[in-house]
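Position in the sequence shown counted from 1, then plus 36, gives you the numbering used here.
Glycine residues also receive a C-beta, built at the ideal position from the N, C-alpha and C atoms.
Just so it is clear, the structure is predicted and the values come from calculations on it, not from any experiment.
Reviewing the structure listed below.
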Amino acid sequence: MTEQDDPSRSARGVYGISVAAELSGLGPQTLRLYERWGLLTPSRTTGGTRRYSDDDIEQLRRITALVDQGVNLAGIAHILDLQDRNTQLESDNTTLERRNAALEADHSIAPRHTGARNPRPHHRGSTRRTSTP
């Protein structure tokens, strides 16, 4: 079974619309409205029935908090998109910082080869001339 075949428990759609409405404190029509606005995308059964996940319930809490602050649905869509993009960027940045630290650690362990030649090579048996003023 691949990771795509076995989504995390929080992402698995397990609640019907009536249970999701009860858990979120919103009506089923409001859930459908949020779906039409693209604020929420519940999974669907093969028969087309909506199934809400724990992640969807958390998304509904985020939406409700913004509605309570007086933000309209278009603004909420934009805010949620920006928040999700920011979260992804923070995750990408953390990954890059870890890779950078690993590269720096590897670089500090590896012997340094500057490739520069000694400007005054020492030759065995050679005599050095000194000049007198």
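(message) Suppose you measure from the CA of Gly63 to the CA of Glu133; what does that come to, to the nearest Å?
(response) Inter-residue distance for Gly63 and Glu133 is about 44 Å (C-alpha atoms, whole angstroms).
(request) Using a threshold of 8 Å, state whether the C-beta atoms of Leu67 and Ile53 are closer than that. (result) Going by C-beta atoms, Leu67 is nearer than 8 Å to Ile53.
(message) Counting C-beta neighbours from all protein chains within 10 Å, is the total for Ile171 16 or more, i.e. buried, or is it exposed?
(response) With the chain represented from 37 up to 169, any question about residue 171 goes unanswered, as that position is not in the structure.
(message) Rounding to the nearest angstrom, what Cα-Cα distance links Arg135 and Asp142 in this structure?
(response) So the two alpha carbons sit approximately 10 Å from each other.
(request) Return helix, strand or coil for Ser172, following the three-state DSSP convention. (result) What is shown of the chain runs 37 to 169, which leaves residue 172 out entirely.
(message) Please return the same chain residues whose Cβ sits closer than 8 Å to the Cβ of Val55, not counting the five positions on each side in sequence.
(response) Hits under 8 Å: Tyr88.
(request) Using a threshold of 8 Å, state whether the C-beta atoms of Leu59 and Tyr70 are closer than that. (result) Not a contact, by the Cβ cut-off of 8 Å.
(request) Report the three-state DSSP secondary structure of Thr38 (helix, strand or coil). (result) Because Thr38 carries a pLDDT of 44, less than 50, the predicted location of this residue cannot be relied on, and no value is offered for it.
(request) Return the first residue and the last residue of the alpha helix (DSSP H) that Pro78 is part of. (result) That residue, Pro78, is in no alpha helix (DSSP H); it is neither H nor E in DSSP.
(request) For Arg72, name the three-state secondary structure that DSSP assigns. (result) Three-state DSSP puts Arg72 in a helix.
(message) Let's see if you can read the secondary structure: which residues bound the alpha helix (DSSP H) around Thr85?
(response) Careful: Thr85 lies outside any alpha helix (DSSP H) and carries neither H nor E.
(request) Indicate whether Ser46 and Asp91 have their beta-carbon atoms separated by less than 8 Å. (result) Yes, the Cβ-Cβ distance between Ser46 and Asp91 is below 8 Å.
(message) Could you give the first and the last residue of the continuous alpha helix (DSSP H) run that contains Ala47?
(response) Boundaries cannot be given for Ala47, as no alpha helix (DSSP H) includes it and DSSP labels it neither H nor E.
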